[in-house]
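Protein chains in written order, with this note's numbering: chain P, -2 to 226; chain Y, -2 to 226. Heads up: the structure comes next, in structure tokens.
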């Protein structure tokens, strides 16, 4: 990778979608500065997956920011261990209890700060508006509004080098994401999508995220490499 | 304060502007949930001031979120102790080295998460577009874009209970802010604005922030209660 290549900050959770977004950014020629968050999520194995994926993809740099605030302000089954993890289908349109308040806004804001320091020209986020779980901050209109705000917020916009928010997966089905990532060489056995994976990174097979992922491999007519408990 | 009063999250740095914004929110009948950040700023005395101001104003709750990320990503004289603190006048239109990358975006995003959990209807921030130091994220167009984004990002917007970003100081001169706060009973001797205050909260009198503050008291024809080194 040339050091004169444009830089991108890439949000990487360690899940299937963000690993694919990272591969997409790299394939488009960006130097990838990868950012993960340790925000008290149940699944620390997801972060171990993020480390392994970043290393394997040979990124320019990988940083993990520790955020305690979600444990303080509460409001999500992902970080509040007293809330039950739902196992039923949540496709009734309601916002699920696994929703983390303002999560993508917070993550993109921290990515924006790093992008500004790096003089990066893009931020990649693996949000998806098709096979998603009803989170408002995965919608294209949210991303567009964030990009507008970001360029008013920073030196980047003022000095005429705007930052774009890149969402290469936003219009893809889970099956299409898996097909795209496979073409780009993503090893999905390294990714962890489960909301309650065990210490070895094995998935529960029953949470929303597991069901969406499993269906994606089925629909893509591909072997599911996920390790289940 | 009635428990049925509307709730607001109020960003409080411990400085003159945010203390005035807090008094304004309280005067407008909000239950105030006050949020401060420990982000590695040089002036920890500012946080001590925030604690004292929140206590004195009898707020509903005061939380301090510790953010390490700015020390990691760098880019500001406020958190990078190897950068020199400028003492000359910075009113030449350039963005100063005291700028913290995406600071207000990050702070407002974390406030947004808490506001969503609390079902607060407003977030107060003491930004000011008149006597400011050239930060892009203090401009009205940034605030408007953030509000639009925030209501697309959260359940609040989806469920028809939008969150507003309140900037009671945005069009006021420093002198007008001081006059307004004095009417509301703000004790400015408790506030710390200096970028490099000492352990006792005494101000340097020479940094940008000190100069703007000092001029404000002069213009308001009021005695400056600031304790200087």
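In this text, a Cβ means the ideal position worked out from N, Cα and C, and glycines have one as well.
1) Pull the bridge partners of residue 175(P) from the DSSP assignment, please.
2) Which parts of the region 182 to 222 of chain Y are runs of the beta strand (DSSP E), unbroken and 3 residues or longer, counting only runs that do not cross its ends?
3) Taking the C-alpha atoms as reference points, what is the distance between residue 1(Y) and residue 28(Y)?
4) Is the Cβ of residue 94(P) closer than 9 angstroms to any Cβ of chain Y?
5) Who are the neighbours of residue 101(Y) on chain P, taking C-beta pairs under 9 angstroms?
6) Just how far apart, CA to CA, sit residue 78(Y) and residue 110(Y)?
7) Helix or strand or just coil, what does DSSP make of residue 168(P)?
8) Spatial neighbours of residue 115(Y) within its chain, please: C-beta separation below 8 angstroms, excluding the five flanking residues on both sides.
9) Check residue 126(P) in the structure and name its three-state DSSP category.
10) At which residues does the beta strand (DSSP E) containing residue 21(P) begin and terminate?
11) Would you call residue 86(P) buried or exposed, if buried means 16 or more other Cβ atoms sit within 10 Å of its Cβ?
12) In whole angstroms, give me the CA-to-CA distance for residue 164(Y) and residue 225(P).
13) Out of 102(Y), 181(Y), 175(Y), which has the shortest C-alpha to C-alpha gap to residue 190(Y)?
14) For the alpha helix (DSSP H) that residue 106(Y) lies in, which residues bound it at each end?
15) Would you say residue 145(Y) reaches chain P, if we count a Cβ-Cβ gap shorter than 9 angstroms as a contact?
16) Using beta-carbon positions only, say whether residue 8(P) and residue 32(P) come within less than 9 angstroms of one another.
17) Confirm, please, whether the CB-CB distance from residue 18(P) to residue 121(P) is below 9 angstroms.
18) Do residue 46(P) and residue 102(Y) have their C-beta atoms closer together than 9 angstroms?
19) Flag this pair as yes or no: are the beta carbons of residue 21(Y) and residue 177(Y) separated by less than 9 angstroms?
20) Who are residue 28(P)'s beta bridge partners in DSSP?
21) Under a CB-based cut-off of 9 angstroms, is residue 43(P) close to chain Y?
22) Can you tell me the Cα-Cα spacing of residue 183(P) and residue 169(P), whole angstroms?
23) Less than 9 angstroms between CB atoms is the rule here; does residue 214(Y) satisfy it with respect to chain P?
24) Distance check for residue 58(Y) and residue 99(Y), CA to CA, integer angstroms please.
25) Can you name, in chain order, every residue of its own chain whose Cβ lies under 7 angstroms from the Cβ of residue 229(P), other than the five neighbours on each side?
26) Taking the continuous alpha helix (DSSP H) assigned at residue 60(Y), which residues delimit it?
27) Could you work out which residue in 137(P), 138(P), 124(P), 147(P) is closest to residue 108(P) when comparing CA atoms only?
28) If you reduce the DSSP assignment to three classes, tell me which class residue 161(P) lands in.
29) Using CA atoms only, rank isn't needed, just tell me which of 42(Y), 41(Y), 36(Y), 112(Y) is closest to residue 227(Y).
30) Output needed for residue 197(P): all residues of its chain with C-beta closer than 8 angstroms, excluding positions within five of it in sequence on either side, in chain order.
31) Where residue 187(P) and residue 11(Y) are concerned, what is the direct C-alpha to C-alpha distance, given to the nearest angstrom?
32) If we cut at 9 angstroms on Cβ distances, does residue 217(Y) have a partner in chain P?
Reading off the structure:
1) In DSSP, residue 175(P) forms no bridge with anything.
2) List check, beta strand (DSSP E) in window: nothing returned.
3) Counting only the Cα atoms, residue 28(Y) lies some 9 angstroms from residue 1(Y).
4) At residue 94(P), the pLDDT of 47 sits below 50, so the modelled position is not reliable and the matter cannot be decided from this model.
5) At a C-beta separation below 9 angstroms, residue 101(Y) has these neighbours in chain P: 150.
6) Residue placement at residue 78(Y) is flagged as unreliable, the pLDDT there being 46, under the threshold of 50; a coordinate-derived value is accordingly withheld.
7) DSSP places residue 168(P) in coil when its eight states are reduced to three.
8) Within the same chain, residue 115(Y) has close Cβ partners 4, 6, 30.
9) Reduced to three states, the DSSP call for residue 126(P) is coil.
10) Note, residue 21(P): premise wrong, no beta strand (DSSP E); alpha helix (DSSP H) at 13 to 24.
11) The predicted position of residue 86(P) is uncertain, since its pLDDT is 43 and thus under 50; a value taken from the coordinates is nonetheless stated next. Counting the other CB atoms within 10 Å of its CB gives residue 86(P) a total below 16, which places it among the exposed residues.
12) C-alpha of residue 164(Y) to C-alpha of residue 225(P): approximately 50 angstroms in a straight line.
13) When each option's Cα is compared against that of residue 190(Y), the closest is 175(Y).
14) For residue 106(Y), the enclosing alpha helix (DSSP H) covers residues 100 to 115.
15) Answer yes: the Cβ-Cβ gap between residue 145(Y) and chain P drops below 9 angstroms somewhere.
16) Against a cut-off of 9 angstroms, the Cβ pair of residue 32(P) and residue 8(P) comes out as a contact.
17) Contact: yes.
18) Contact flag unset, no.
19) A Cβ-Cβ contact shorter than 9 angstroms links residue 21(Y) with residue 177(Y).
20) Looking at the DSSP assignment, residue 28(P) forms a beta bridge with 4(P).
21) Closer than 9 angstroms: no.
22) Rounded to whole angstroms, residue 183(P) to residue 169(P) spans 16 angstroms at the Cα level.
23) So, not an interface residue.
24) As the crow flies, the alpha-carbon of residue 99(Y) is around 26 angstroms from that of residue 58(Y).
25) As shown, chain P starts at -2 and ends at 226. That puts residue 229(P) outside it, with no answer to give.
26) Annotation: residue 60(Y) is outside any alpha helix (DSSP H); the continuous beta strand (DSSP E) that includes it extends over 58 to 63.
27) Among 137(P), 138(P), 124(P), 147(P), the Cα nearest to that of residue 108(P) is on 147(P).
28) Strand at residue 161(P).
29) Residue 227(Y) lies beyond the range of chain Y shown here (-2 to 226); nothing can be said about it.
30) The residues are 42, 224.
31) The alpha-carbon atoms of residue 187(P) and residue 11(Y) are separated by roughly 46 angstroms.
32) Output row for residue 217(Y): interface = no.
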